[in-house]
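Enquirer:
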Amino acid sequence: IIPLTDANRSEKIDIDCPRPNTEYFLRVSGSTTCPGFGATMGEFDVSISMDPLSIMASANDDICGAASPSGDLGTLTSGGSSQKMNHNNFCASQELNEPNTTQNAVQSESEYDETMWYKFRTPSNPGKIEAKLEIVIQAGFATVSNMTVYKGSSANYNPCGSGFSGLIEVGSDWGSSTVLGSYTVSDAKVTLPCPSANWNYFIQVDGLDLSVLGLTPPGYTDNFVYNISVKDDGSGTIRPTNDLLSNAIPV
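Counting from -8, one number per residue, gives the positions in the sequence shown under the working numbering.
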């Protein structure tokens, strides 16, 4: 007979990333692992405690925050660059109808996507632009970075009013992690060879969910600390005058 103690008769649930100003509900019920042995009713104590260290995602967890100070990479100049250093996706979330996310997962499941959003604007004469996502610190084992770049459907597209409906995907890339004799991590990179001038672009950052591919290596997580940057190579983009329908040349 195993005596009952607090250690073997207690249940505990950890919520790693509770949402701010959110009401949660706790349901308590009795259960027994041996049918016919042990009561499923009785008295119990309930306690809730919170870690003193607050972990909250920044404003650019949502796409509407891409233009916030934490997400805005600004307007590039010809030959110029912009970057954000030591950002992370800890406790980030996914939004309803957000592209490239597992919409049927909950936050505690491994395939849930913790995405962050960034915005940049092209100059009046943009050259080839490269967006790069560099892992600085991995929260788990062999984290793989994932980055997708979108173009707004209009030059001044504002996702705060229109959401995801006007985003046009123009490129995506996975980084990689290799453990073969030595440990190496490669960056995720997306190149835009002919970006539109004076146009809003958006970058979605996430870790690759290996569980979606049927892989569940122990210790793997899609959370990480990263640097993100965009760079114009200064080559300029000379477009034909009849690139737009309004400038069609009569024949």
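Virtual Cβ for every residue (Gly too), placed ideally from N, Cα, C.
Only a predicted model underlies this, so the values are computations on that prediction, with no experimental measurement involved.
For S153, report the span of its alpha helix (DSSP H) as first-last.
Expert: Unbroken alpha helix (DSSP H) run through S153: 150 to 153.
Enquirer: When the Cα atoms are used, what is the spatial distance from P269 to V196?
Expert: Because residue 269 is not part of the residues shown, which for the chain are -8 to 242, the question remains open.
Enquirer: Tell me whether the beta-carbon of C8 lies closer than 7 Å to the beta-carbon of C82.
Expert: In contact: C8 and C82 (Cβ atoms closer than 7 Å).
Enquirer: Check the DSSP bridge columns for W190 and list the partner residues they point to.
Expert: W190 pairs with nothing; no bridge assigned.
Enquirer: How would you call D53, buried or exposed, if buried means at least 16 neighbouring beta carbons within 10 angstroms?
Expert: So D53 counts as buried.
Enquirer: What's the call for S173, buried or exposed, on a 16-neighbour Cβ count within 10 Å?
Expert: At S173, the pLDDT of 46 sits below 50, so the modelled position is not reliable; the number obtained from the coordinates is stated separately. Under this definition S173 is an exposed residue.
Enquirer: Just confirm the distance between the C-beta atoms of A58 and K123, as a whole number of angstroms; I'd bet it's less than 8 Å.
Expert: Incorrect: roughly 21 Å between the Cβ atoms, too far for contact.
Enquirer: In the DSSP assignment, the beta strand (DSSP E) including D164 goes from what residue to what residue?
Expert: Element bounds for D164: 158 to 165.
Enquirer: Suppose the cutoff is 6 Å on Cβ atoms and the five residues either side in sequence are ignored; what does the same chain contact list for P186 look like?
Expert: Closer than 6 Å at the Cβ level, and outside the excluded window around P186, lie T113, P117, I120.
Enquirer: For I219, which three-state DSSP category applies?
Expert: If DSSP states are grouped into helix, strand and coil, I219 belongs with the strands.
Enquirer: Looking only at DSSP bridge pairs, what is I54 linked to?
Expert: According to DSSP, which records beta bridges pairwise, I54 is partnered with nothing at all.
Enquirer: Can you name, in chain order, every residue of its own chain whose Cβ lies under 8 Å from the Cβ of A146, other than the five neighbours on each side?
Expert: Closer than 8 Å at Cβ, skipping near neighbours: S187, N189, W190, N191.
Enquirer: How is G227 classed by DSSP in three states: helix, strand or coil?
Expert: If DSSP states are grouped into helix, strand and coil, G227 belongs with coil.
Enquirer: Apply the 10 Å Cβ neighbour rule to V37 and answer buried if 16 or more other Cβ atoms are within range, or exposed otherwise.
Expert: Label assigned to V37: exposed.
Enquirer: If you pair each beta-carbon of the stretch 152 to 161 with each one of the stretch 67 to 77, do three or more pairs fall below 8 Å?
Expert: No: the two stretches stay apart, fewer than three of their Cβ pairs being nearer than 8 Å.
Enquirer: Go through its chain and collect everything with a Cβ distance to L87's Cβ below 6 Å, but skip five positions before and after it.
Expert: Counting only Cβ-Cβ distances below 6 Å, and skipping sequence neighbours, we find nothing.
Enquirer: What did DSSP end up calling N233 once you bin it into helix, strand or coil?
Expert: The answer is helix: DSSP assigns N233 an H, G or I state.
Enquirer: Given a cut-off of 7 Å, decide if G166 and V140 are closer than it, judged by their beta-carbon atoms.
Expert: For V140 and G166, no; Cβs fall outside 7 Å.
Enquirer: Quick check on this structure: which residue in F16, E102, M76 has the alpha carbon closest to the alpha carbon of S84?
Expert: Per the Cα distances, E102.
Enquirer: Does any heavy atom of the ligand GDP sit closer than 6 Å to the C-beta of V127?
Expert: You won't find the ligand GDP in this model; it holds no ligand whatsoever.
Enquirer: Within the continuous beta strand (DSSP E) that includes F111, where are the two ends?
Expert: Segment 107 to 112, the beta strand (DSSP E) holding F111.
Enquirer: Taking 7 Å as the threshold (C-beta atoms), are G198 and D178 in contact?
Expert: Result no, Cβ atoms of D178 and G198 do not sit closer than 7 Å.
Enquirer: Got a sec? Which residues, its chain only, sit under 8 Å from M32 by beta carbon, not counting five neighbours each side?
Expert: Contacts found: G21.
Enquirer: Exposed or buried, M41, counting other C-beta atoms within 10 Å across all chains shown (16 or more means buried)?
Expert: Its Cβ having fewer than 16 others within 10 Å, M41 is exposed.
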